[in-house]
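Note sheet for the following structure.
In the working numbering, the protein residues as written are 6 to 905.
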């Protein structure tokens, strides 16, 4: 150690080392024995040591999990108990998904080698991975979890460029960054420093950008050929869409659709485990969120939810969903740790940005841009401003008045917006510190404008995709009567020109959502004039080929299309005069006879491998079920999206289910979500009755499907298990024809044990058709649970009799012995079959039975059986010989008598 200490002091003389080599040698000795406290607190000294020894921080125990790395504190959330990752369970609200492209499908499905490497897997990660986790708190938890696990070294940094020196490490590394680099090339320049074949996982709040397409193959481009070394590597890493030469696997963290339910339930468990005294109720807050924020516009981050749950003692104190001042109420509660002026200043700032139509509502702005949103004139001071400062009764009152004046005077200072907690820095720009609070304040203003102000105050925002989402959410919060009044202002709408298009379509959407929620149940007459103006603009001439779309909404995504179709389908649930000309699948409830489903509807289906349905799909299927409820008979040719609704109605007794309805539903790609959805919907009826209505059609479909890997996988699907567990077994088997029962008997091991015996006995007429040599395998598939039923097979003069005798001994030897002892329970043939099938290990039972019922075998049969069993009889040999001698003595006595 003294030698290393001396080299450190000589080679790195500029570093402030402890005086004397002996002290430093002592510290090195402590490090060698596992005490790394001094070195962990001095990263500069530790960096010198690893450089001198050509090692990594992890090798010296200076990276990896610290003593308290497994404990997460929440300083920004007063009242939140700390989380011990070793003792407490963490929340799990999403999972990583590969960012796929047409020219580069991903071979990896998870980051398990980073998150939970198998103990037996020795190969370390060797590829570059970039994971985008947009939610700040969720990203922090993920990084802290990896740090606590200690599988690989993890470093926290503002940008990737800040740890460029660490990227040259030859060991796997995890980097958690909180901000973006100076420019788009900075990340690729840093990634290019990584040695070939050495794993790296970057966890960032943004997706890794890509270089724009160049109109040709990037690998052969002039631009690439003009680069050398690290610059060429960086160029390859930035290839758009992945491509052959890109070596970065891109991932995005996708939250589960029910992430809010999961988090609220986790928080309740966490509070209970920590002993926190609180009136918080997960179910209560979830019910309130379902009413107040069903579209997740106001509370869409983990931080939002956590602040909400900590800011209120219980859900009973939360504002009503139609409270016009709910935003201000929530801001006041959620900002309880901030100075009182923050709420008012935030309201001014967010409304200024909202009303500035040329400035995007979402995203960060420069500090100058923020300051420009709030131009202030000269501050005129009067006695009311100065008197409280001088004549306040207490020092506290005088200071409060002085602070308020100071805030007014500094209001035009850009730095004030940052220092006051209104904004946070984001890669050289600035964003709202609390985006949800800004949205809530805009909500209140929108509600006020929709009720008392000219329509022009908000209608213009309907052509702005970012702002339109908040308009929709505000319309959902309006009382129904206020929404009716708003729709009746058609004269004012017409005078707005272009803005009228967006406003009328926004109200049309809102009415559709109200119908879907059941708030409008009888008539929409008050909204018909507005609806006519919306539908008059739709291009219905080619509705069979292309989806007629609104003018103010983009239809670029599946979500956009589904929300529009859902609104139209909801409208068609109402008994209102026809608003659209011609039969159309856009308004199916208004036509008794519909044409062939159009392509835009038949192609509509959730993405492959979806694990849970997003809320917009849940809403659509809900509306589809409502429409199907009113049908007297099922139209024969329907798109796949209606087949689930058809089955749900059949489960409730509405009509008879058909095998074809299961087609394309229970498919390997869909089972992640549809298995749960079907059982949940079927379960709303009485389970046994619903299962009885569906069983024949389901089995008809399953039996007709081709065999293969997928056919076997469906045996474990939840909907199949639900049917088998819900059905009365005798009824379920009796209602099947011979083909159905034979089909089930081909793999009885996939049935509940209670099914197997009755199924076997129901096939008594088919037993004779079992090919010779397959009788043992046939019964083996049923398993030990049919041991009792095998007794009946002993009485049949078939091949199965011998197989049944053998399996009774294997599966229930005591019962076999009991049957032999009570010979009167079996015919002579059945008793003989069971007796001869007795295995050697059960010989005492057979011997005892024969001794009790010697007449069951002839003298010659008994003698032959004894000679057959003697070689392996062991301790029973004497008993067997005695039985044989008993057979001989009467015969010998008869011979002696004749001689006399």
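Every residue gets a Cβ at the ideal spot worked out from N, C-alpha and C, and that includes glycine. Values in this document were obtained by computation on a predicted structure and should not be read as measured data.
Please name the residue or residues paired with residue i in a DSSP beta bridge.
i, result
"residue 209", "137"
"residue 428", "437"
"residue 333", "Answer is none; residue 333 lacks a bridge partner."
"residue 256", "103, 136"
"residue 158", "178"
"residue 704", "Bridge partners of residue 704: none, in fact."
"residue 77", "88"
According to DSSP, simplified to helix, strand and coil, what is residue i?
i, result
"residue 25", "coil"
"residue 779", "coil"
"residue 562", "coil"
"residue 888", "helix"
"residue 201", "coil"
"residue 89", "strand"
"residue 535", "helix"
"residue 679", "helix"
"residue 578", "coil"
"residue 370", "strand"
"residue 651", "helix"
"residue 476", "helix"
"residue 444", "helix"
"residue 672", "coil"
"residue 787", "helix"
"residue 748", "helix"
"residue 261", "coil"
Do residue i and residue j have their C-beta atoms closer together than 8 angstroms?
i, j, result
"residue 626", "residue 655", "no"
"residue 287", "residue 310", "no"
"residue 99", "residue 259", "yes"
"residue 611", "residue 556", "no"
"residue 721", "residue 663", "no"
"residue 90", "residue 28", "no"
"residue 737", "residue 700", "yes"
"residue 704", "residue 745", "yes"
"residue 571", "residue 593", "no"
"residue 535", "residue 584", "no"
"residue 318", "residue 284", "yes"
"residue 206", "residue 134", "yes"
"residue 646", "residue 683", "no"
Give me the Cα-Cα distance between residue i and residue j, rounded to the nearest whole angstrom.
i, j, result
"residue 12", "residue 32", "14 angstroms"
"residue 553", "residue 470", "19 angstroms"
"residue 167", "residue 145", "18 angstroms"
"residue 472", "residue 637", "42 angstroms"
"residue 301", "residue 617", "16 angstroms"
"residue 458", "residue 262", "36 angstroms"
"residue 8", "residue 176", "27 angstroms"
"residue 209", "residue 306", "16 angstroms"
"residue 502", "residue 575", "27 angstroms"
"residue 889", "residue 860", "14 angstroms"
"residue 753", "residue 844", "26 angstroms"
"residue 19", "residue 308", "44 angstroms"
"residue 504", "residue 604", "32 angstroms"
"residue 796", "residue 820", "10 angstroms"
"residue 733", "residue 760", "10 angstroms"
"residue 1", "residue 164", "Within the shown structure, residues of the chain are numbered from 6 to 905, placing residue 1 beyond reach of any answer."
"residue 776", "residue 257", "56 angstroms"
"residue 281", "residue 265", "21 angstroms"
"residue 10", "residue 93", "42 angstroms"
"residue 694", "residue 497", "55 angstroms"
"residue 785", "residue 252", "52 angstroms"
Check the Cβ-Cβ distances between residue i and every residue of chain D, and say whether any is below 8 angstroms.
i, result
"residue 830", "In the structure shown, chain D cannot be found, because there is only a single protein chain."
TODO: Flag this pair as touching only if the segment 466-481 and the segment 440-450 have three or more C-beta atom pairs under 8 angstroms; answer yes or no.
DONE: yes
- [ ] Evaluate the contact criterion for the segment 287-297 versus the segment 316-331: three or more CB pairs, one atom per stretch, below 8 angstroms.
- [x] yes
- [ ] Decide if the segment 185-199 is in contact with the segment 167-176; the criterion is three or more beta carbon pairs, one per stretch, under 8 angstroms apart.
- [x] yes
Open item on the list: Would you call the segment 140-156 in contact with the segment 272-292, where contact means no fewer than 3 C-beta pairs closer than 8 angstroms?
Closed with: no
Task: the segment 449-463 / the segment 364-375 touching (three or more Cβ pairs under 8 angstroms) - done: no
- [ ] State whether the segment 664-671 contacts the segment 617-633, with contact taken as three or more CB pairs (one from each stretch) at a distance under 8 angstroms.
- [x] no
Task: Meets three-Cβ-pair contact criterion under 8 angstroms: the segment 526-545 and the segment 559-567 - done: no
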